[in-house]
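Per full-length UniProt numbering, the sequence shown starts with residue 1, numbered consecutively.
C-beta: ideal position from N, C-alpha, C; glycine also.
Here the structure is laid out as structure tokens; the discussion comes afterwards.
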Amino acid sequence: MQILVEMAEVRGETFSNRFKECLPLITQIIQPVTLSEYAERTIVTILDSLSAMLRKCPKATKEAAIDGLFNHMLQGLECFVKCLDSPRIQLACARLFGQLFTTLEMEFFHSLTDPSVKQLTEWMCWQLKNRLLEEDLAEQVAKNVAILSTVFVMDEELIWLCKKLCSICKFEVVQQPSESLKRVTIFKLAAALAVRADATRLMIVVDAFLPYLHREMMGKSPQNTVELQQISLEVAEIFKEKLGDEIYARKLTQCQKLAAEKIEQRKRRKKEEAVVDPMNAALKKQKKNKAKAAARKRKLDTDKPYRASIRKKRRQAQQ
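Okay, here's the thing in structure tokens:
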């Protein structure tokens, strides 16, 4: 693969015919069985080398796409996108998709059925939802989703995409409250969607993301509050510029009312549970108090590092 890359760099577009001849052989490698037969380093090299060849031979890449040489390869890439055991393979695959999206016309992807653009977007969102998400992968996935979103011409498709991204925000709030990378990435993506949206599609984006932005603007996250607050305010300002002061103020008021209603509903459920199932309510309260105590302890340990060493010495003395 590295030799092919060097040939592409030296010969450029004159390498086109050779490149199209090599693609079927490369497709045979990019299959699920490769993950168990090849080392991680080798797989990453293969994916990166293919990305480099696509970059060096854009004309040949477009011709190969027209001839259908990428169809089977795209099907085989799903297992690499979702390779839980290797963030490096996930990143290399995301970069390969990024190069494909940049090189090929979006009409090519719009005509795909297996995988469809919706499936490709779901693959990218799967990577974004990964618990072990890292910044470089998040950045590449955001670029990929931003490009794929240009193919969604129907309002229903944009609504689906916004719901998909919002569900990832909710996942991080509930499952990984100490993290912020997913929300920061998605808020930036929301800004990109808003910037190029017309009036109707702008409302879809604003209605989907403004409640989540409002939450962070109010500083509701226990950690990374400043970072989330800053990015949410910046994105909200973009929404405001696109909508106008009056419409934005009305939308924000709706978010505030919705947030207040949720708080009231939560309080009401707690009161009802205390009456209907007092034992379970008491256990939940104990669990919450323990979590608060642990959080206070962590904060004190951060402010006063010597506390941890003192506890360690005490445990050693007791043993």
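Check your understanding: Any idea what DSSP makes of residue 33, helix, strand or coil?
Key -> Working through the sequence shown from its first residue, we reach residue 33 at position 33. Residue 33: coil per DSSP, three-state reduction.
Exercise for review: Report yes or no: do three or more beta-carbon pairs, one from the region 240-249 and one from the region 262-270, lie closer than 8 Å?
Suggested key: no
Check your understanding: Between the C-alpha atoms of residue 85 and residue 172, what's the straight-line distance to the nearest angstrom?
Key -> Numbered from its first residue, the sequence shown carries residue 85 at position 85. Numbered from its first residue, the sequence shown carries residue 172 at position 172. Those two C-alpha atoms are separated by around 21 Å.
Point to revise | residue 147 versus 196, 55 and 182, residue with shortest Cα-Cα distance | key: Numbered from 1 along the sequence shown, position 147 holds the residue referred to as residue 147. When each option's Cα is compared against that of residue 147, the closest is 196.
Check your understanding: Can you give, in chain order, each stretch of the alpha helix (DSSP H) that sits fully within the region 166-250 and has at least 4 residues?
Key -> 181-195, 199-217 and 225-243
Check your understanding: Roughly how many whole angstroms lie between the Cα atoms of residue 223 and residue 155?
Key -> Position 223 of the sequence shown, counting from 1, holds the residue named residue 223. Position 155 of the sequence shown, counting from 1, holds the residue named residue 155. C-alpha separation (whole angstroms): 35 Å.
Practice item. List the endpoints of the continuous alpha helix (DSSP H) containing residue 150. Key: Looking up residue 150 in the sequence shown gives position 150. Taken as a continuous stretch (DSSP letters only), residue 150 belongs to no alpha helix (DSSP H), as it is neither H nor E.
Check your understanding: Quick one, are the C-beta atoms of residue 168 and residue 186 less than 8 Å apart?
Key -> Locating residue 168 in the sequence shown gives position 168, counting from the first residue. Locating residue 186 in the sequence shown gives position 186, counting from the first residue. A contact, by the Cβ cut-off of 8 Å.
Check your understanding: If you draw a straight line from the C-alpha of residue 312 to the C-alpha of residue 300, how long is it?
Key -> Counted from its first residue, the sequence shown places residue 312 at position 312. Counted from its first residue, the sequence shown places residue 300 at position 300. Approximately 15 Å, taken between the alpha carbons.
Check your understanding: With DSSP run on the structure shown, which of helix, strand or coil describes residue 308?
Key -> Walking along the sequence shown from the start, residue 308 turns up at place 308. Helix, per DSSP.
Review point. Rounded to the nearest angstrom, how far is the Cβ of residue 135 from that of residue 181, given a contact under 8 Å?
Key: As a first step, residue 135 must be located in the sequence shown, where it is residue number 135. As a first step, residue 181 must be located in the sequence shown, where it is residue number 181. With 8 Å as the limit, residue 135 and residue 181 qualify as a contact, their Cβ atoms being about 6 Å apart.
Practice item. Just mark residue 211 as buried or exposed, buried being the case when its beta carbon has 16 or more other beta carbons within 10 Å. Key: For the purposes of this step, residue 211 is taken as residue 211 along the sequence shown, with counting starting at 1. With 16 or more other Cβ atoms within 10 Å, it is buried.
Practice item. Examine the Cβ distances between the region 254-264 and the region 227-236 and report whether three or more of them are shorter than 8 Å. Key: no
Point to revise | Nearest-angstrom Cα separation, counted from residue 259 out to residue 207 | key: What you label residue 207 is simply residue 207 of the sequence shown in a count that begins at 1. What you label residue 259 is simply residue 259 of the sequence shown in a count that begins at 1. Their Cα atoms are separated by approximately 14 Å.
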